[in-house]
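The next block holds one structure in the form of structure tokens; read it before the comments.
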Amino acid sequence: MTATYTFDVFSSLDGFGAAGGNWTGYWGKQGPELLAHRLALYAQEQRMVFGANTYRLFTRMLASSTEESEVRDPWVTRMRSLPATVVSTTLDGPLDWPDGNVVSGDAVDIVARLKEESKVPLRSHGSLSMNRALMAAGLVDHVQVTLFPVITGRTGLDPVFKDGADFDLELTEHRTLDSNIQELLYRPTLHI
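At position 117 of the sequence shown (counting the first as 1) the number is 147 in the numbering used here, and the numbers step up by one without a gap.
The following block contains the structure:
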């Protein structure tokens, strides 16, 4: 049985994964429904898959945060307790992740093997360039976009699908959280 792979990403309406300027985490739009839903998503057994840059970003953010900061929301703490594979040609172990390992090589080959071998679903939060390559290779089963009600035209960072392939998306689930945040779950198909 092949494990499913979900590319889980936060986005502004104009397609940025983050923003500079005076925006805060979640673009300042998080609420109790979003945070509870994220915790429920991450309560399920699964394996996280990260690229090296996202792994470094998460460990830097967690190291510089306090227990009270939004960086350590309960779902993030739960995510960090899940087993993780970091795909990298530049990192060596051991990782600053309780159950994490580094696998060196091409992400497409590594994730294809993980999908065949894993007994639990695979999920990646962020890791934009890696996930664009995995989508192009047909390895992403679900694209889960949490769409925040902001436009960051001047301060947007990390365009989610920049330089990615073209895809048709089949909407399989959707929900509204905290009255104005949309979570959209799609099944991607390469557009030919």
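Every residue gets a Cβ at the ideal spot worked out from N, C-alpha and C, and that includes glycine. A quick note: this is a predicted structure, and the numbers were derived from the prediction, not measured.
For residue 213, the enclosing beta strand (DSSP E) has its first and last residue at 211–220.
Taking 7 angstroms as the cut-off, the Cβ atoms of residue 47 and residue 141 do not count as close. One Cα belongs to residue 49, the other to residue 165, and the distance between them is close to 24 angstroms.
The DSSP-derived three-state label of residue 179 is coil. Measuring C-alpha to C-alpha distances from residue 192 to each of 161, 88, 58 identifies 161 as the nearest. Residue pairing of residue 174 in beta bridges, as defined by DSSP: 38, 215.
Considered as a whole, the region 44–124 harbours 62–73, 82–93, 104–111 as its complete alpha helix (DSSP H) runs of no fewer than 4 residues, in chain order. Excluding five sequence positions before and after residue 79, the CB atoms of its chain that fall closer than 6 angstroms to its own CB belong to 115, 152, 154, given in chain order.
Around the C-beta of residue 51, fewer than 16 other C-beta atoms lie within 10 Å, and the residue is accordingly described as exposed.
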